[in-house]
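Novice: Quick note: the sequence shown uses full-length UniProt numbering, first residue 1, plus one each step.
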Amino acid sequence: MEGCTGEIYVLGDFNGRVGWKDAIYGSVIGRYGEQARSENGRRLLDFCQMHNLIVTNTFYKHKDIHKYTRVEPGRDEKSIIDYILVPENLKSDILDVRVRRGSEIGSDHYLLVARIKNVENHKEKELSCKKMEFETIKTYKLSNMDIAKKYKETTHRKMTETAGSIGNMSLQQLWIKFKNITIETAREICGICKHSNKRKQTSWWTNDIREKVEGKKTAWKKYLANRNDENYNFYKEQRRLVKDTIIKAKQTAWIKFGEKLQRDSKNHQKLFYKVLKTLKEGKTNIPMEIKDKYGEKIKNEEQIMVRWQEYFEKLLDGENNTSPTTHERSIRRRTRNTNENVTGMITGEDIEETLKEIKNNKAPGHDKITGEMIKNMGFSGKELLRAIYTKAWEEERVPQDWEIGVIVPVHKKGDNKDCNNYRGITLISTVMKIYEQILNKKLTVSTEQTLTDTQSGFRKGRSVQDHIFTIKQMIEKKKLGGKVYFAFIDLVKAFDSIPRDKVWESLLKRNVDNKLVRVIKSLYKSTLNYVIWKNMKSGFFATTQGLRQGGGLSPTLFNIFMDDVIKSCNANTQKAFIGYRQMNRVLVSECAFADDIVIITNTEQDLQNNLKVWDEELRSNGMSINTTKTKVMAIGAEELNPKITLREETIEHVKQFKYLGVMIDETGNEDAEINARINNSLKLYFAINKSFISKKEVSKQTKINVYKAVYRPILTYGCETWVLTQKLKSKLTAVEMKYLRRTKGVTRMDRLRNDHIRNELDVQPILKFIENRQLAWWGHLQRMDNVRQVKQVWESRSQHKRKRGRPKITWDENIRKILEARNTTWRAAKTLAKNKKEWAKFVHT
1 MEGCTGEIYV
11 LGDFNGRVGW
21 KDAIYGSVIG
31 RYGEQARSEN
41 GRRLLDFCQM
51 HNLIVTNTFY
61 KHKDIHKYTR
71 VEPGRDEKSI
81 IDYILVPENL
91 KSDILDVRVR
101 RGSEIGSDHY
111 LLVARIKNVE
121 NHKEKELSCK
131 KMEFETIKTY
141 KLSNMDIAKK
151 YKETTHRKMT
161 ETAGSIGNMS
171 LQQLWIKFKN
181 ITIETAREIC
191 GICKHSNKRK
201 QTSWWTNDIR
211 EKVEGKKTAW
221 KKYLANRNDE
231 NYNFYKEQRR
241 LVKDTIIKAK
251 QTAWIKFGEK
261 LQRDSKNHQK
271 LFYKVLKTLK
281 EGKTNIPMEI
291 KDKYGEKIKN
301 EEQIMVRWQE
311 YFEKLLDGEN
321 NTSPTTHERS
331 IRRRTRNTNE
341 NVTGMITGED
351 IEETLKEIKN
361 NKAPGHDKIT
371 GEMIKNMGFS
381 GKELLRAIYT
391 KAWEEERVPQ
401 DWEIGVIVPV
411 HKKGDNKDCN
421 NYRGITLIST
431 VMKIYEQILN
441 KKLTVSTEQT
451 LTDTQSGFRK
461 GRSVQDHIFT
471 IKQMIEKKKL
481 GGKVYFAFID
491 LVKAFDSIPR
501 DKVWESLLKR
511 NVDNKLVRVI
521 KSLYKSTLNY
531 VIWKNMKSGF
541 FATTQGLRQG
551 GGLSPTLFNI
561 FMDDVIKSCN
571 ANTQKAFIGY
581 RQMNRVLVSE
591 CAFADDIVII
601 TNTEQDLQNN
611 LKVWDEELRS
621 NGMSINTTKT
631 KVMAIGAEEL
641 NPKITLREET
651 IEHVKQFKYL
661 GVMIDETGNE
671 DAEINARINN
681 SLKLYFAINK
691 SFISKKEVSK
701 QTKINVYKAV
711 YRPILTYGCE
721 TWVLTQKLKS
731 KLTAVEMKYL
741 RRTKGVTRMD
751 RLRNDHIRNE
761 LDVQPILKFI
771 ENRQLAWWGH
781 LQRMDNVRQV
791 KQVWESRSQH
801 KRKRGRPKIT
811 WDENIRKILE
821 ARNTTWRAAK
831 TLAKNKKEWA
841 KFVHT
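#1: I need the boundaries of the beta strand (DSSP E) containing T650, first residue and last residue.
#2: Assign F312 to buried or exposed, taking buried as 16 or more other Cβ atoms, counted over all protein chains shown, within 10 Å of its Cβ.
#3: Please tell me whether R240 has its Cβ less than 9 Å away from any Cβ of chain B.
#4: List the DSSP bridge partners of E72.
#5: What three-state label does DSSP hand R585 in the structure shown?
#6: Closer than 6 Å by C-beta to T136: which residues in its own chain qualify, once you throw out the five before and the five after it? Chain order, please.
#7: Give me the residue from V586, N584, K643 and S620 with the minimum Cα distance to N609.
#8: Take the Cβ of Q309 as the centre, count every other Cβ of all protein chains shown within 10 Å, and call the residue buried at 16 or more, exposed below.
#9: Quick check for students: name the residue ranges of the alpha helix (DSSP H) that lie wholly in the stretch 601-649, counting only runs of 4 or more.
#10: Using only CA atoms, which one of G12, Y435, N754 and K412 lies nearest to S730?
#11: Is it buried or exposed for Q605, if we count other Cβ within 10 angstroms and need 16 for buried?
#12: Quick check: residue 850 and Y140, are their CB atoms within less than 9 Å of each other?
#13: Near I674, what residues of its chain come up, given a Cβ to Cβ distance below 8 Å and the 5 sequence neighbours on each side ignored?
#14: Return the CA-CA distance between K472 and A392, expressed in angstroms with no decimal places.
#15: Enumerate, from N- to C-terminal direction, the unbroken beta strand (DSSP E) stretches of 3 or more residues contained entirely within the stretch 400-462.
#16: What runs of the alpha helix (DSSP H), each 4 residues or longer, lie entirely inside the stretch 185-237?
#17: Which whole-angstrom value is the C-beta distance of G371 and T430, which I expect to be below 8 Å?
#18: What residue from F488, R100 and D615 has the CA that sits closest to D82's CA?
#19: In angstroms with no decimal places, state the Cα-to-Cα distance between D762 and K700.
#20: Can you tell me where the alpha helix (DSSP H) holding T14 begins and where it ends?
#21: Go ahead and label R240 buried or exposed: buried means 16 or more other beta carbons lie within 10 angstroms of its beta carbon, across all protein chains shown.
#22: With respect to the beta strand (DSSP E) encompassing N94, which residues constitute its N-terminal and C-terminal limits?
#23: Might you give, ordered along the chain, the residues of its own chain that have their beta carbon closer than 7 Å to the beta carbon of E838, omitting 5 neighbours on each side?
#24: Sorted by chain position, which residues of the same chain lie with C-beta nearer than 8 Å to L646's C-beta, five sequence neighbours on each side aside?
#25: Would you list the one or two residues that DSSP bridges to A148?
#26: Helix or strand or just coil, what does DSSP make of E135?
#27: For Y485 and L607, which I take to be in contact (beta-carbon distance under 8 Å), what is that distance rounded to the nearest angstrom?
#28: Out of D244, N689 and E448, which one is the CA nearest neighbour of G745?
#29: Would you call Q455 buried or exposed, if buried means 16 or more other Cβ atoms sit within 10 Å of its Cβ?
#30: Pick helix, strand or coil for F488, following the three-state DSSP scheme.
#31: Judging by CA-CA distance, which residue of D785, K808, N814 and K801 is the nearest neighbour of R773?
#32: List the residues that DSSP assigns as beta-bridge partners of Q774.
#33: Tell me which residues share the same chain as D650 and place their Cβ nearer than 6 Å to its Cβ, disregarding the 5 neighbours each side in the sequence.
#34: Could you work out which residue in N416, L45 and G481 is closest to Q799 when comparing CA atoms only?
#35: Given this structure, state the Cα-to-Cα distance separating residue 847 from I498, to the nearest angstrom.
#36: What are the partner residues of K382, as DSSP defines its beta bridges?
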């Protein structure tokens with residue numbers, strides 16, 4: 001009760017009789033209960049007093065037949081043992097509480113109903129929902145070859161008819177022509193699907209069942225009017241008939257559901273995993289109201305959308321909604337210089353190559369054009385698209401639809417009525433995404449080599465494993481001796497708060513072609529947004545700072561901007577000494593994955609100084625450190641307790657921290673991480689067990705597909721860096737077999753060996769899978785460039801001697817054991833790993 005938030009209502013069968021008002025419990029119960037009070041009733045009243053609850057049944061005057069919640073069949077013994085409890089301060093909201101004897105619920109208890117004030121009328125809500133409809137085009141049908149062929153031929157024919165007038169059209173006219181033909185053809189060929197907030201009907205509910213249920217209710221009312229054996233037996237017969245009919249209907253519905261899942265798992269994977277997510281998490285409960293900036297609830301639809309607009313406008317633009325500064329105009333003049341070497345020709349090959357990278361089944365932007373529509377259009381359509389891109393490059397501007405972003409609030413955690421607990425996902429034009437990807441390739445060519453090695457976010461050949469492994473290796477080495485301190489920095493709204501003029505300045509510092517800079521800036525000359533919430537739309541609002549989330553250029557632009565911040569900080573901070581590699585000192589200052597930054601030092605004072613330098617540099621660049629979410633960890637042979645402050649606030653010292661999805665432990669043990677992986681896997685298992693894994697109507701192959709695509713990745717995320725004890729291996733195997741045994745339809749009582757079950761289901765043992773992932777990562781490290789930070793830290797050697805006692809097995813020793821089990825030495829494997837294909841064959845044999 002103490003952890004609950006919002007309005008609390010406690011309802012149920014408490015199997016206790018509370019009596020009526022007296023001197024002891026006068027504030028808890030009213031004077032319209034019953035005379036009897038049992039021991040369970042007294043305990044319930046004590047509970048109510050402790051939590052300031054009232055027993056609402058006892059406050060409203062009714063006939064006895066409308067107060068008693070249970071009648072013992074045959075003996076006619078009556079009692080009140082079902083209650084509705086509410087906080088005392090909500091007493092005025094309860095208008096009435098009484099029993100509804102006419103509602104047949106298949107029990108010797110009656111239905112207890114409370115009327116509550118301020119609950120919206122259901123019919124009014126239905127009418128309101130009917131107004132909020134929108135449609136989507138069924139572009140998933142383009143996966144069908146016949147439909148795709150028809151779509152391609154139609155778009156080619158329509159766009160060929162307009163080819164002759166392309167030269168005389170403006171950029172906006174070209175775009176409108178392209179958009180209209182694309183949308184009209186897709187609607188015509190693929191069809192549309194209308195969506196609304198109407199309540200969906202249960203799949204197994206039919207008119208036949210409805211009639212039988214009505215017959216059962218009629219029989220129940222007849223029995224209430226004349227209580228004799230004939231009427232009661234007739235009611236029981238009707239109840240049995242309804243129950244049998246519903247069971248058969250549900251079985252039929254599950255068979256159809258299983259067949260549909262099987263089809264979707266092959267032909268429409270997005271829908272398949274969407275259904276699976278619904279089974280796992282349940283249907284999303286979208287609130288009917290939200291809170292304004294003062295915490296007051298808003299129910300009016302127009303006011304709700306004004307609130308969403310107000311929230312995101314402040315979030316995305318802050319206080320920087322100003323006109324171009326002198327600094328901005330200076331940048332504009334500098335981009336008019338003669339440094340223009342990038343070719344402006346956007347070829348058909350550029351478009352085709354980029355289209356391969358665009359994923360299917362992604363939500364479209366404001367223009368409603370999806371990736372599938374563009375991929376499947378004819379030659380003339382792609383030529384028209386190339387003409388649009390070329391004109392946009394030459395004129396350094398974009399069509400109006402490209403400037404508009406659609407923001408969809410997605411709930412993270414906490415109160416779902418508080419806007420601060422939502423993340424805004426911006427949907428932008430797919431056509432502009434392709435344009436941005438083409439520009440991004442041009443930009444990456446000239447900037448990739450200028451970035452510091454410590455930044456691994458959004459870069460080819462790098463992943464979260466780089467930094468997870470780096471940090472775990474530092475912990476492993478410093479446990480022998482020496483110290484290392486980490487500050488895990490959390491930035492406040494990093495992408496949304498970057499000043500754009502700072503980004504353009506960073507591009508110019510790297511001598512990026514001026515023409516390319518101006519073209520990139522043209523994408524941000526006018527950025528408009530609106531919010532979609534429950535099919536409602538807010539007004540438009542402009543933003544003048546931050547990078548466009550979801551854009552193909554944004555990650556690269558962010559990396560370039562952050563690279564300047566990192567280099568500026570490195571010039572004024574102390575680095576951490578990790579060890580020696582080939583007689584050279586290995587020094588590390590930070591690990592950065594986009595805006596996830598870890599500052600690394602050898603001393604507490606260095607960490608304090610470095611954190612201050614980072615804070616000042618970030619604030620001078622329009623960004624800020626969240627002191628509440630930033631954490632500090634200290635590693636050493638002995639326990640350390642650093643006291644770090646920032647802006648007069650103490651930064652919390654933690655022994656464990658979740659970094660890039662992996663639990664980092666100061667001891668270097670994997671127990672906390674493995675337990676977290678197991679808990680996450682079991683949450684999924686129990687969420688989908690009854691509705692998916694245990695269902696015979698769903699094929700075993702579909703269940704195994706989910707095991708490989710969802711269950712196993714959750715269980716083994718980050719396994720490349722693990723060093724497992726025998727106890728942890730047993731735990732992982734148990735969780736693996738829990739899913740596989742249920743899929744097979746057997747239990748441990750059937751005494752089937754694990755290997756037998758795996759072989760029948762054609763599944764690799766989880767421990768073998770983990771070993772393969774670890775060997776693949778080891779081979780990747782061997783092929784990695786020697787200047788990479790992760791490789792230098794891995795190959796560095798500590799100068800400290802280990803202490804007495806049995807040493808912990810290191811990651812290298814773990815790999816050596818795996819290699820020995822496969823009859824290979826470290827040296828031979830190192831040579832083999834240089835050849836990526838040969839190493840892959842070795843790993844998976």
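Just so you know, even glycine gets a beta-carbon here, dropped at the ideal spot from N, CA and C.
Specialist: Put simply:
#1: As a first step, residue 650 must be located in the sequence shown, where it is residue number 650. E649 to H653 is the span of the beta strand (DSSP E), which, as asked, contains T650.
#2: Taking the first residue of the sequence shown as 1, we reach residue 312 at position 312. That one is buried.
#3: The chain inventory of the structure shown lacks chain B, comprising one protein chain alone.
#4: As a position in the sequence shown, residue 72 is number 72, starting the count at 1. Per DSSP, E77.
#5: Stepping through the sequence shown from its first residue, residue 585 is reached at position 585. Assigned with DSSP and collapsed to three states, R585 falls in strand.
#6: Reading the sequence shown from its first residue, position 136 is the one you call residue 136. Within the same chain, Cβ atoms closer than 6 Å to the Cβ of T136 are found at C193, the five residues on either side in sequence being excluded.
#7: Against the sequence shown, residue 609 aligns to sequence position 609. Comparing alpha carbon positions, the residue from V586, N584, K643 and S620 closest to N609 is K643.
#8: Here the question's residue 309 lines up with position 309 in the sequence shown. Under this definition Q309 is a buried residue.
#9: The stretch 601-649 contains these whole alpha helix (DSSP H) runs: 604-620.
#10: To locate residue 730, count along the sequence shown from 1; it is residue 730. For S730, the nearest C-alpha among the options comes from N754.
#11: The residue given as residue 605 occupies position 605 in the sequence shown. Result: exposed.
#12: The shown model of the chain, from 1 to 845, leaves out residue 850, and the question about it has no answer.
#13: Numbered from 1 along the sequence shown, position 674 holds the residue referred to as residue 674. Hits under 8 Å: W722, L724, L728, K731 and L732.
#14: Here residue 472 refers to the residue found at position 472 of the sequence shown. Here residue 392 refers to the residue found at position 392 of the sequence shown. If you draw a straight line from the Cα of K472 to the Cα of A392, it comes to about 48 Å.
#15: Counting only runs of 3+ residues, the beta strand (DSSP E) found wholly inside the stretch 400-462 occupies 404-411 and 422-427, in chain order.
#16: Secondary structure in the stretch 185-237: the alpha helix (DSSP H) runs of 4 residues or longer, each lying completely within the stretch, are 207-225 in chain order.
#17: Start at 1 with the first residue of the sequence shown, and residue 371 comes out as number 371. Start at 1 with the first residue of the sequence shown, and residue 430 comes out as number 430. Rounded to the nearest angstrom, the Cβ distance from G371 to T430 is 5 Å, consistent with a contact under 8 Å.
#18: Translated into the one-based positions of the sequence shown, residue 82 becomes position 82. Each of F488, R100 and D615 was checked against the Cα of D82, and the nearest Cα belongs to R100.
#19: Taking the sequence shown and counting its residues from 1, the one referred to as residue 762 is at position 762. Taking the sequence shown and counting its residues from 1, the one referred to as residue 700 is at position 700. D762 and K700: Cα-Cα distance of roughly 11 Å.
#20: Residue numbering aside, residue 14 sits at position 14 when the sequence shown is read from its first letter. The question names Thr, yet the displayed sequence has Phe at residue 14. Element bounds for F14: n/a, residue is neither H nor E.
#21: Translated into positions along the sequence shown, residue 240 becomes position 240. Classification for R240: exposed.
#22: Numbered from 1 along the sequence shown, position 94 holds the residue referred to as residue 94. The identity of residue 94 in the sequence shown is Ile, whereas the question assumes Asn. According to the DSSP assignment, I94 belongs to the beta strand (DSSP E) that extends over I94 to R100.
#23: Here the question's residue 838 lines up with position 838 in the sequence shown. The residues are L832.
#24: Counting from one through the sequence shown, the residue named residue 646 turns up at place 646. Taken in chain order, the residues that qualify are L611, K612, D615, I625, T627 and T630.
#25: Here residue 148 corresponds to residue number 148 of the sequence shown, with the count starting at 1. A148 is not bridged to any residue.
#26: Taking the sequence shown and counting its residues from 1, the one referred to as residue 135 is at position 135. Looking at E135 - three-state DSSP - the assignment turns out to be strand.
#27: As a working note, residue 485 is residue 485 in the sequence shown. As a working note, residue 607 is residue 607 in the sequence shown. About 4 Å separates the beta carbons of Y485 and L607, which is inside the 8 Å limit, making them a contact pair.
#28: Indexing the sequence shown from 1 puts residue 745 at position 745. Minimum Cα distance to G745 is reached at N689.
#29: To locate residue 455, count along the sequence shown from 1; it is residue 455. It counts as buried.
#30: Against the sequence shown, residue 488 aligns to sequence position 488. Looking at F488 - three-state DSSP - the assignment turns out to be strand.
#31: Mapped onto the sequence shown, residue 773 falls at position 773. It is N814 whose Cα lies nearest to the Cα of R773.
#32: What you label residue 774 is simply residue 774 of the sequence shown in a count that begins at 1. The partner list for Q774 (beta bridge, DSSP) is empty, contrary to what the question assumes.
#33: Sequence index remark: in the sequence shown, residue 650 carries index 650 (1-based). Asp is not the amino acid found at residue 650; the sequence shown has Thr there. Non-local C-beta neighbours of T650 in its own chain, meaning closer than 6 Å and more than five positions away in sequence, are absent.
#34: Position 799 of the sequence shown, counted from the first residue, corresponds to residue 799. With distances taken between Cα atoms, Q799 lies closest to G481.
#35: This structure leaves residue 847 out entirely; the chain is present only between 1 and 845.
#36: The residue given as residue 382 occupies position 382 in the sequence shown. Beta bridge pairing from DSSP links K382 with no other residue.
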